[in-house]
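Participant: Protein chains in written order, with UniProt numbering: chain A, 1 to 571; chain B, 1 to 571.
No residue lacks a Cβ here, since even glycine has one placed at the ideal position from N, Cα and C.
Provided herewith is a single structure, encoded as structure tokens, for subsequent inquiry.
2 protein chains.
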Amino acid sequence: MQCTPGRPPNAYADAVDADTLDQAVAAIRSRGYYSAFPESPSPRVYGPDAAAEGQRAFEAWEGRAFPVSVPGADGAVATEKSPFGIPLGVRYPQVGAGGLDDLLTAARAGMARWRDAGPDTRVEVTLEILQRLHGRVFELANAVMATTGQAFVMAFQAGGTHALDRALEAVAFAHTEMTRHPATMVWERPAKGDPVRVEKTFTVVPRGVAVVIGCTTFPTWNSYPGLFASLVTGNPVVVKPHPRAVLPLAITVQTCQEVLAERGFDPHLVTLAAEAEDAGLAKDLATRPEVRIVDFTGSGEFGGWLESHATQALVHTEKSGVNPVVIDSTGSFRGLTANLAFTLSLYSGQMCTTSQNIYVPAGGIETDEGHKSFADVGAGLAAAVDKLLADEARAVELLGAIVNDDVLGRVERAADLGEMVLESRSLDHPTHPDAVVRTPAIVAVDAGGPGDPGDRPYARECFGPVTFLVRTADTSESLDLVRRLGHERGAMTAAVYSTSEPVLDAAREVALDVGVALSENLTGGVYVNQSAAFSDYHGTGANPAANAAYVDAAYVTGRFRIVQSRRPAPA
Amino acid sequence: MQCTPGRPPNAYADAVDADTLDQAVAAIRSRGYYSAFPESPSPRVYGPDAAAEGQRAFEAWEGRAFPVSVPGADGAVATEKSPFGIPLGVRYPQVGAGGLDDLLTAARAGMARWRDAGPDTRVEVTLEILQRLHGRVFELANAVMATTGQAFVMAFQAGGTHALDRALEAVAFAHTEMTRHPATMVWERPAKGDPVRVEKTFTVVPRGVAVVIGCTTFPTWNSYPGLFASLVTGNPVVVKPHPRAVLPLAITVQTCQEVLAERGFDPHLVTLAAEAEDAGLAKDLATRPEVRIVDFTGSGEFGGWLESHATQALVHTEKSGVNPVVIDSTGSFRGLTANLAFTLSLYSGQMCTTSQNIYVPAGGIETDEGHKSFADVGAGLAAAVDKLLADEARAVELLGAIVNDDVLGRVERAADLGEMVLESRSLDHPTHPDAVVRTPAIVAVDAGGPGDPGDRPYARECFGPVTFLVRTADTSESLDLVRRLGHERGAMTAAVYSTSEPVLDAAREVALDVGVALSENLTGGVYVNQSAAFSDYHGTGANPAANAAYVDAAYVTGRFRIVQSRRPAPA
């Protein structure tokens with residue numbers, strides 16, 4: 001196996017060990033605030049050299065053949081193109097359909113030994129991997145930034161520390177579920193005379209090879225829960241990155257292979273399956289009989305295909321949705337507009353949790369600043385976005401870059417969709433002149449009255465920085481649209497603003513019916529598009545946007561089985 | 001809603017209440033011995049009148065229209081035919097494909113109220129249903145006996161008290177998983193100045209309509225875990241019984257409807273979907289978009305169809321397998337043969353857990369009685385079966401009756417399959433002259449040496465009282481066949497007899513690889529075909545015989561989702 005030279009252990013923070021696990025396990029029960037990986041990239045937290053060292057480590061990959069061991073690979077591919085124009089050209093071992101036999105055989109080779117290591121050892125090794133990845137967090141952050149277009153701090157957090165927290169959350173759930181029964185015990189049934197005694201053992205066995213299919217925008221955050229939930233429960237994992245965002249997952253796989261090998265396990269328990277764009281490897285992989293788990297983030301179309309075709313596997317999908325905000329009334333118009341402006345701007349709205357449709361009654365709303373007409377609400381939102389993004393140097397650190405031409409096309413054609421409330425602007429990036437940076441567009445449209453909203457422009461996902469301000473008859477119609485589109489198209493998030501408890505109750509009822517997480521009256525520093533690991537579930541699995549959540553028990557329990565043996569025990 | 005007159009509450013045993021739940025929850029963690037429903041039908045346990053009252057209650061249904069409320073039903077069907085020749089002729093509301101809209105609309109009508117009742121109330125109501133069913137346990141036992149051909153005591157236990165224990169086990173798992181997070185809490189993130197405080201609620205929401213597809217042989221035992229796991233987690237349940245075994249589930253649905261109505265919930269949260277034989281209702285139901293959970297027990301063919309076609313639903317299947325016994329050596333030849341004789345005879349081997357293939361080395365085995373040739377082992381087994389069934393009046397209480405003509409045909413043609421070691425005999429039933437009673441047949445065959453065993457007669461499920469004594473080169477070949485057939489055809493149980501720890505270790509390794517529960521050296525009163533609720537998992541989900549287990553966390557966690565709402569909390 002080809003590996004990079006040994007790295008120093010993570011010197012940044014506390015060790016990720018059994019205490020960490022205990023705290024994480026407590027947090028997933030209490031749902032209280034917890035984080036094991038400090039989210040501030042400040043030198044005060046990570047030391048004066050960490051940022052520069054991480055950047056150098058990232059830059060050293062440029063144009064190189066990435067050293068990761070992939071049986072069955074044939075040749076190399078370099079498929080990445082940075083939305084910031086950051087040079088990449090990293091070459092990865094290429095896996096074609098013809099190499100899958102070798103890849104999957106290698107993946108399975110170490111499975112029995114990894115299973116026999118038992119839950120505690122697997123957890124310990126997985127925590128060591130997380131600690132090692134934390135030691136490379138600045139390198140990871142640069143890789144995430146370069147490939148996804150996330151601005152640096154966001155890449156550090158969402159792509160680094162928050163992703164690690166979600167991974168730890170998955171490990172904590174898995175440990176809890178793998179150890180809820182004793183490994184061995186003696187069962188004793190009362191009987192005439194001596195009781196019947198039977199010694200029983202209960203072994204956690206893996207389901208089989210797991211495939212993780214990554215996305216362009218959140219290669220680590222959306223892949224880590226599935227990757228580490230599968231690995232820690234004993235399954236080999238083949239990581240199939242999106243061709244535009246390989247490096248963050250290549251670094252991840254490399255780290256997994258290093259730690260596994262150091263601990264005496266087969267490094268091919270985690271492998272990377274890179275491919276040329278549109279080579280169709282995910283379909284081939286996901287339907288192989290050896291593959292028993294698939295974790296997917298991406299389009300609704302392909303997610304649906306996986307659900308109905310990869311029937312030999314347990315399939316977890318996070319797809320797409322139409323995220324609603326219902327504005328009924330507010331006690332803080334300024335807070336409301338500022339809060340939503342941040343959500344719409346962050347990473348140019350390229351999050352699966354970004355609000356898309358803001359429903360406002362045609363007659364306007366009551367606020368702490370008096371009555372606001374529909375136009376006033378639009379103007380208030382537009383002004384809040386303008387204010388937030390007034391300083392271009394700071395704006396680019398919030399917006400990041402547009403991830404691909406599809407998103408760019410949608411924002412450039414936003415005027416076709418309705419009446420422009422806020423035009424998107426192109427900004428120059430002060431340090432990355434090739435970066436494609438756009439501010440959000442807001443488009444006013446009519447809800448369209450009764451009847452099927454399915455063919456109206458706002459009724460489909462419009463991924464990226466285009467928000468619909470939807471004019472409804474009243475809040476009741478707004479909620480009805482949330483319900484209908486939630487059931488038909490799905491939603492990852494929903495928000496409501498109202499000073500009326502009956503309206504909030506009605507919104508909660510709709511959210512329960514749709515099965516979508518609801519944020520109520522957020523006017524401060526908590527945003528509808530953000531979720532906190534260990535406390536907030538990401539997705540629910542209850543509507544078409546996703547069939548699973550990060551992280552609940554259902555997300556981990558299907559990844560392993562319990563196999564018992566029993567024999568008579570001496571009296 | 002049409003209901004039977006009020007019944008007395010269960011006077012038989014302790015109340016099924018919060019204490020019961022606590023004990024059940026403790027048992028599923030410790031895996032220690034526990035039972036909430038006494039398995040002895042003795043008058044000392046259930047009182048002097050219980051048996052006669054239960055029999056009268058059962059007999060009163062003969063030829064009647066069974067009173068259960070089923071929206072969408074059109075006409076009635078009477079499809080049952082007792083293997084004992086016991087008169088039935090009970091008519092049930094018939095559901096055709098044309099009635100499914102009404103049925104599913106009615107099923108969903110009460111869902112929000114049932115959801116809003118919350119986990120604790122749902123558990124309480126479900127425990128009340130179990131207690132009420134326990135109050136009808138003799139009636140249920142007679143219904144199970146009459147429809148399945150199980151002898152009375154087995155019908156009382158497997159069809160009554162053990163089924164109720166498995167139901168309680170599912171409720172205990174579901175309660176644990178539904179309440180692992182707080183219903184509401186305040187999250188507090190440290191921040192500059194005041195902490196950020198957010199009030200969060202977490203609501204368990206049901207997945208959708210659940211369909212339970214019952215089987216002929218264990219209409220209650222195999223249906224209760226799925227039925228009550230789905231109901232207690234908030235889902236409406238449509239029970240689709242096998243046309244030959246409707247009454248036990250009709251009684252069950254009636255009891256559910258009574259308790260739900262008494263507690264102010266919609267009785268149509270549980271309904272019965274009876275159909276004419278071969279009407280194909282299960283396919284229509286299982287693929288409806290409203291149906292989000294399917295629990296199935298039956299053939300491998302239809303189970304596989306459900307797994308690949310009902311992709312809109314979470315599908316749990318228990319199908320078929322080829323259950324192996326490996327005989328390598330033993331310290332108690334008498335114990336071995338007596339133990340296996342009981343397993344082969346119980347309910348004429350018509351259990352999904354009955355051993356089918358007994359692998360014995362051609363050169364024989366070492367035992368406490370000296371060397372036994374292959375023929376000696378067969379003769380010993382045959383003698384043990386003969387001894388167990390020598391008294392015909394007692395034999396019929398173990399054998400029960402042959403459930404249908406397919407099984408009868410297989411046992412009558414057993415001689416075509418190999419060399420007869422033990423002929424099946426036809427017994428007269430002393431009290432049911434029309435009963436079809438057969439003793440088990442044992443057939444010796446050669447393993448067949450290297451190559452694919454897939455087309456040999458012993459390599460496919462041969463459901464019923466036909467056992468193959470398979471002559472192998474040695475124990476190594478025996479284990480190899482367990483592995484190969486386990487992977488290809490599946491197995492619900494496996495057993496090994498050996499005095500050698502290395503052989504036992506090798507058998508354990510094979511069992512882990514196949515993913516099948518292993519029983520080692522059972523020579524006393526514990527049998528490979530029996531599993532104890534709260535301690536033994538039934539099935540694993542890890543091989544083709546079943547994709548789920550009774551009851552582990554994975555069996556319940558997918559039946560509900562957690563939907564949260566959050567709002568800023570006062571400082």
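Under the rule that 16 or more other beta-carbon atoms within 10 Å means buried, what is A:S42, buried or exposed?
Facilitator: Along the first sequence, one-based indexing puts residue 42 of chain A at 42. Counting Cβ neighbours within 10 Å, A:S42 comes out exposed, since fewer than 16 surround it.
Participant: Give a yes or no on whether 8 Å exceeds the smallest Cβ distance from A:I562 to chain B.
Facilitator: Along the first sequence, read from residue 1 onward, the residue named residue 562 of chain A stands at position 562. Chain B, which has a Cβ nearer than 8 Å to the Cβ of A:I562, makes this yes.
Participant: Check the Cβ of B:Y537 against every Cβ in chain A and list those closer than 7 Å, keeping chain order.
Facilitator: Taking the second sequence and counting its residues from 1, one reaches residue 537 of chain B at position 537. Near B:Y537 (Cβ distances below 7 Å), the residues of chain A are I562, Q564.
Participant: Closest to B:A548 by CA distance: which of A:L314, A:A250, A:S230 is it?
Facilitator: Start at 1 with the first residue of the second sequence, and residue 548 of chain B comes out as number 548. Residue A:L314 is the option with its Cα nearest to B:A548.
Participant: Please list, in chain order, the residues of the region 114-136 of chain A that have any C-beta partner in chain B closer than 9 Å.
Facilitator: From the region 114-136 of chain A, only R115, D116 have a Cβ closer than 9 Å to chain B.
Participant: Which residues in the same chain as B:R456 place their Cβ atom closer than 6 Å to its Cβ, once the five residues preceding and following it in sequence are excluded?
Facilitator: Stepping through the second sequence from its first residue, residue 456 of chain B is reached at position 456. Excluding positions up to five away in sequence, the list reads G448.
Participant: Along the region 163-193 of chain A, where does the CB come closer than 8 Å to a CB of chain B? Name the residues.
Facilitator: Cβ contacts with chain B: E177, R180, H181, P182, M185, W187, E188, R189, P190, A191.
Participant: Please list the partners that A:G524 has in chain B, where partner means a Cβ-to-Cβ separation under 8 Å.
Facilitator: Residue mapping note: residue 524 of chain A aligns to position 524 of the first sequence, counting from 1. Going along chain B in sequence order, the residues near A:G524 (Cβ under 8 Å) are V196, P568.
Participant: Drop a sphere of 10 angstroms on the beta-carbon of B:S552, count the other beta-carbons inside from all chains shown, and report buried for 16 or more, exposed for fewer.
Facilitator: The sequence position of residue 552 of chain B within the second sequence is 552, counting from 1. Per the sequence shown, the amino acid found at residue 552 of chain B is Asp instead of Ser. The residue is buried, with at least 16 neighbouring Cβ atoms inside 10 Å.
Participant: Cα separation between A:L306 and A:I251?
Facilitator: By one-based count along the first sequence, residue 306 of chain A stands at place 306. By one-based count along the first sequence, residue 251 of chain A stands at place 251. Their backbone Cα atoms lie some 27 Å apart in a straight line.
Participant: Quickly, what does DSSP pair A:A459 with across the bridge? List them, please.
Facilitator: Along the first sequence, one-based indexing puts residue 459 of chain A at 459. Paired residue(s): none; A:A459 is not in a bridge.
Participant: Are the region 512-523 of chain A and the region 513-533 of chain B in contact at 8 Å, needing three or more beta carbon pairs?
Facilitator: The region 512-523 of chain A vs the region 513-533 of chain B: no contact.
Participant: B:T20: buried (16+ other C-beta within 10 angstroms of its C-beta) or exposed?
Facilitator: As a first step, residue 20 of chain B is located in the second sequence; it is residue number 20 there, counting from the start. Per the 10 Å Cβ criterion, buried.
Participant: Does the region 97-116 of chain A touch the region 351-363 of chain A, meaning 3 or more C-beta pairs lie closer than 8 Å?
Facilitator: Verdict: no, contact absent.
Participant: Mind listing the chain B neighbours of A:K200? Cutoff is C-beta to C-beta under 9 Å, in chain order.
Facilitator: Walking along the first sequence from the start, residue 200 of chain A turns up at place 200. Residues of chain B passing the Cβ test: R31, S535, D536.
Participant: Just to make sure I have the definition right: I need the residues of chain B whose C-beta is within less than 8 Å of the C-beta of A:T203. Which are they?
Facilitator: Stepping through the first sequence from its first residue, residue 203 of chain A is reached at position 203. Residues of chain B passing the Cβ test: L512.
Participant: Decide yes or no for the touch test of the region 294-301 of chain B against the region 470-485 of chain B: beta carbon pairs closer than 8 Å, at least 3 of them.
Facilitator: The region 294-301 of chain B vs the region 470-485 of chain B: no contact.
Participant: Under a Cβ-count criterion, where at least 16 other Cβ atoms within 10 Å of its own Cβ denotes burial, should A:G451 be classed as buried or exposed?
Facilitator: Residue numbering aside, residue 451 of chain A sits at position 451 when the first sequence is read from its first letter. By the 10 Å Cβ count, A:G451 comes out exposed.
Participant: Starting from A:T472 and walking both ways along the beta strand (DSSP E), at which residues does that stretch end?
Facilitator: Translated into positions along the first sequence, residue 472 of chain A becomes position 472. Note, A:T472: beta strand (DSSP E), 466-472.
Participant: Below 7 Å on C-beta distance, what does A:S308 contact in chain B?
Facilitator: Numbered from its first residue, the first sequence carries residue 308 of chain A at position 308. The contacting residues are T311.
Participant: Under 8 Å, CB to CB, which of the residues in the region 483-495 of chain B have a partner in chain A?
Facilitator: Here the close residues number zero.
Participant: Would a check of beta-carbon distances place B:V518 closer than 8 Å to chain A?
Facilitator: Looking up residue 518 of chain B in the second sequence gives position 518. The sequence shown places Leu at residue 518 of chain B, not Val. So, interface residue.
Participant: Out of A:A444, A:R56, A:A97, which one is the CA nearest neighbour of A:D74?
Facilitator: Numbered from 1 along the first sequence, position 74 holds the residue referred to as residue 74 of chain A. Selected option, being the one with the closest Cα: A:A97.
Participant: State buried or exposed for A:R471, treating a residue as buried only when at least 16 other CB atoms are found within 10 Å of its CB.
Facilitator: Locating residue 471 of chain A in the first sequence gives position 471, counting from the first residue. When all chains shown are included, A:R471 counts as buried.
Participant: Where B:V171 and B:D17 are concerned, what is the direct C-alpha to C-alpha distance, given to the nearest angstrom?
Facilitator: Taking the second sequence and counting its residues from 1, the one referred to as residue 171 of chain B is at position 171. Taking the second sequence and counting its residues from 1, the one referred to as residue 17 of chain B is at position 17. For B:V171 and B:D17, the distance between alpha carbons rounds to 12 Å.
Participant: Can you tell me whether B:S308 is buried or exposed, with buried defined as 16 or more other CB within 10 angstroms of its CB?
Facilitator: What you label residue 308 of chain B is simply residue 308 of the second sequence in a count that begins at 1. By the neighbour-count rule (16 or more Cβ atoms within 10 Å), B:S308 is not buried but exposed.
Participant: Does B:R508 get closer than 8 Å to chain A when you measure Cβ to Cβ?
Facilitator: As a first step, residue 508 of chain B must be located in the second sequence, where it is residue number 508. By this cut-off, B:R508 is an interface position.
Participant: Under 8 Å between C-beta atoms, does B:A545 make it to chain A?
Facilitator: Along the second sequence, one-based indexing puts residue 545 of chain B at 545. No, B:A545 does not count as interfacial toward chain A.
Participant: Ends of the alpha helix (DSSP H) at B:G335?
Facilitator: Counting from one through the second sequence, the residue named residue 335 of chain B turns up at place 335. First-last of the alpha helix (DSSP H) with B:G335: 333-345.
Participant: Would you be able to state if there are at least three C-beta pairs under 8 Å between the region 434-444 of chain B and the region 315-330 of chain B?
Facilitator: At 8 Å Cβ cutoff, the stretches do not touch.
Participant: Could you name the residues of chain A that B:G541 contacts, counting a contact when the two beta carbons are closer than 8 Å?
Facilitator: Taking the second sequence and counting its residues from 1, the one referred to as residue 541 of chain B is at position 541. Under the 8 Å cutoff, chain A gives R561.
Participant: From B:A286 to A:V95, what does the alpha carbon distance come to, in whole angstroms?
Facilitator: Taking the first residue of the second sequence as position 1, residue 286 of chain B is located at position 286. Taking the first residue of the first sequence as position 1, residue 95 of chain A is located at position 95. Taking the straight line from one Cα to the other gives about 38 Å.
Participant: List the residues of chain B that A:D552 touches, going by C-beta distances under 7 Å, in chain order.
Facilitator: Taking the first residue of the first sequence as 1, we reach residue 552 of chain A at position 552. The answer, in chain order, is I562.
Participant: So who's on the other strand from A:L272, going by DSSP bridges?
Facilitator: Taking the first sequence and counting its residues from 1, one reaches residue 272 of chain A at position 272. Per DSSP, A:V239.
Participant: Verify the CB distance criterion: does B:A73 have a CB-CB separation below 8 Å to chain A?
Facilitator: Residue 73 of chain B sits at position 73 when you count from the first residue of the second sequence. So, not an interface residue.
Participant: Any beta-carbon of chain B closer than 8 Å to the one on A:D368?
Facilitator: In the first sequence, counting from the first residue as 1, residue 368 of chain A sits at position 368. Cβ-Cβ to chain B under 8 Å: no for A:D368.
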